[in-house]
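Numbering (my numbering), first residue to last: 22 to 514. Before any comments, here is the structure.
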């Protein structure tokens with residue numbers, strides 16, 4: 022819906038004429054959606070003023086930062102947060118960082134590494150906002166999802182500023198809880214409109230020790246990056262195992278001994294995608310590598326804070342591999358170029374993009390479950406067996422994990438776990454329908470086995486299995502948004 026010149030002027034008075042537009046040409050760069058206006062606030066106070074103005078004129082609003090998520094119907098006031106791109110603080114002593122919504126993960130990580138620190142970057146990649154919650158390659162040693170988030174500054178849908186956690190009592194960012202009743206449990210998406218309505222203008226997150234260099238010795242040009250040398254006290258390997266059970270046993274022992282910096286259960290299609298610069302090379306490399314492994318496996322990054330610690334970690338790993346039958350993939354171990362690619366891509370996190378966003382129909386689509394690691398492993402095996410049957414019929418591409426849909430990893434050395442399964446249809450005329458049916462069946466498997474509550478189910482199916490979560494979430498949102506300024510997600514009814 023269009024807004025009057027008078028209302029447009031009110032928004033302009035807040036941000037300045039150069040930071041607001043309703044030009045249809047400009048809307049093409051905002052998901053090609055016909056927004057009532059796009060405004061670019063520079064700080065919390067301007068965000069608050071915009072939100073209050075939306076409430077006064079009964080306008081819907083939504084926001085986004087780097088464009089990875091959000092619900093954007095036409096006719097809304099869209100807040101583009103790209104001017105809010107400051108790293109507010111890096112507290113080395115207490116090990117946290119405070120950022121605004123448009124700080125990129127790569128930007129924050131680069132500054133942290135200069136200080137011997139690191140952060141967990143979401144699997145979506147280092148070009149997503151650092152404020153976004155999620156899981157990523159470094160879950161093993163850098164925590165995951167909401168476990169990393171501390172104090173938050175939140176502009177509610179009514180335009181109130183709430184400072185959650187320690188920020189609300191002492192202007193410090195070190196804790197996401199207390200004192201007193203905590204709202205942490207309802208903060209479930211730091212770039213709304215997710216589940217939590219409103220706008221997060223600043224957030225603190227935990228950071229962790231980084232045993233590597235302040236800067237990687239990068240060589241090459243996009244998309245063919247590698248390292249000129251492997252930094253001291255670091256190595257990358259890929260190990261395959263005779264069975265999924267043996268692989269999981271090795272993963273648990275590695276976690277118990279805390280000897281890995283990163284552990285990702287890649288299958289051969291994923292390894293190939295990560296080290297290949299073109300689709301053609303990807304297919305050739307995959308065909309080569311799939312015959313060099315004995316079964317499911319994982320990529321492992323081992324580091325040390327000193328030569329002695331690095332030597333100890335390698336010795337402990339050697340014993341674990343002996344007990345579980347793990348074999349090193351020589352294509353990685355004996356190839357500095359490949360080892361360098363995996364190291365920089367899986368720490369700087371451009372890896373997943375290479376697997377899931379390839380042009381020309383060469384991407385692997387998929388979905389995930391999150392929870393107790395042994396449960397997610399069971400789900401993977403059952404889902405993988407169903408996928409294997411379709412591979413045998415020529416309806417799905419063989420990714421080297423036909424009867425074990427191997428992609429998963431432990432969080433915090435196996436305390437929790439996340440698993441995903443990838444699927445790429447073939448060109449068979451029945452492949453698209455088979456893929457849709459498989460996804461539906463595998464979602465149902467996750468639901469029936471209590472592995473996860475995947476997307477795609479209507480509220481009447483989800484609510485009874487989750488203590489009416491969606492109903493309660495809608496009530497919480499309504500309490501914070503009495504004027505209905507946030508567009509209602511379809512799943513909330």
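For each residue, glycine too, the CB sits at the ideal point set by N, CA and C.
Supposed contact pair residue 41 and residue 59 - C-beta distance, whole angstroms, cut 8 Å: At roughly 7 Å, the Cβ-Cβ gap stays under 8 Å, so residue 59 and residue 41 are in contact.
CB contact flag (residue 440, residue 400, <8 Å): Yes, they are a contact pair.
Alpha carbon of residue 438 to alpha carbon of residue 396, nearest angstrom: For the pair residue 438 and residue 396, the Cα-to-Cα distance works out to about 9 Å.
Sub-8 Å separation of residue 420 and residue 290 beta-carbons: Less than 8 Å divides the Cβ of residue 420 from the Cβ of residue 290.
Check whether residue 226 and residue 140 have beta carbons under 8 Å apart: Residue 226 places its beta carbon less than 8 Å from that of residue 140.
Three-pair Cβ contact test at 8 Å for the region 190 to 200 versus the region 154 to 174: The region 190 to 200 is in contact with the region 154 to 174.
C-beta atoms of residue 350 and residue 488 nearer than 8 Å: Cβ distance not < 8 Å, so residue 350 and residue 488 don't count as in contact.
Selection from 406, 333 and 270 that minimises the alpha carbon distance to residue 347: Selected option, being the one with the closest Cα: 270.
8 Å Cβ cutoff met for residue 296 and residue 242: No, the pair does not count as a contact, with Cβ atoms beyond the cut-off.
Backbone secondary structure at residue 446 - three-state DSSP: Strand at residue 446.
The beta strand (DSSP E) enclosing residue 324, as first and last residue numbers: 318 to 324 is the span of the beta strand (DSSP E), which, as asked, contains residue 324.
Closest residue to residue 409 among 449, 444, 28 and 428 (Cα-Cα distance): With distances taken between Cα atoms, residue 409 lies closest to 444.
Cα-Cα separation between residue 257 and residue 366, rounded to whole angstroms: So the two alpha carbons sit approximately 11 Å from each other.
Inter-stretch contact at 8 Å, needing at least 3 Cβ pairs: the region 157 to 169 / the region 128 to 143: Three or more beta-carbon pairs drawn from the region 157 to 169 and the region 128 to 143 are found closer than 8 Å, and the two stretches are therefore classed as touching.
Those residues which DSSP pairs with residue 224 across a bridge: DSSP links residue 224 through a beta bridge to 120 and 173.
Residue 491 beta carbon less than 8 Å from that of residue 455: No, these two residues do not count as a Cβ contact at 8 Å.
According to DSSP, residues forming a beta bridge with residue 356: Residue pairing by DSSP places residue 356 in no beta bridge whatsoever.
7 Å Cβ shell around residue 235 - same chain, five flanking residues per side excluded: Sequence-distant partners of residue 235 (beyond 5 residues in either direction) whose C-beta falls short of 7 Å from its own C-beta, in its chain, are 134 and 135.
Residue 245, enclosing beta strand (DSSP E) - first and last residue: From DSSP, the beta strand (DSSP E) with residue 245 extends over 245 to 248.
Residue 114, buried or exposed, once every other Cβ within 10 Å from all chains shown has been counted against 16: Flag for residue 114 reads exposed.
Classification of residue 81 by the beta-carbon crowding that lies within 10 angstroms, buried from 16 upward: Answer is buried; the Cβ neighbour count reaches 16.
Cβ pair residue 108, residue 129 closer than 8 Å: In contact: residue 108 and residue 129 (Cβ atoms closer than 8 Å).
Same chain, Cβ closer than 7 Å to residue 281, neighbours up to 5 away in sequence not counted: So the list reads 161, 275, 321, 322 and 323, once near-sequence residues are dropped.
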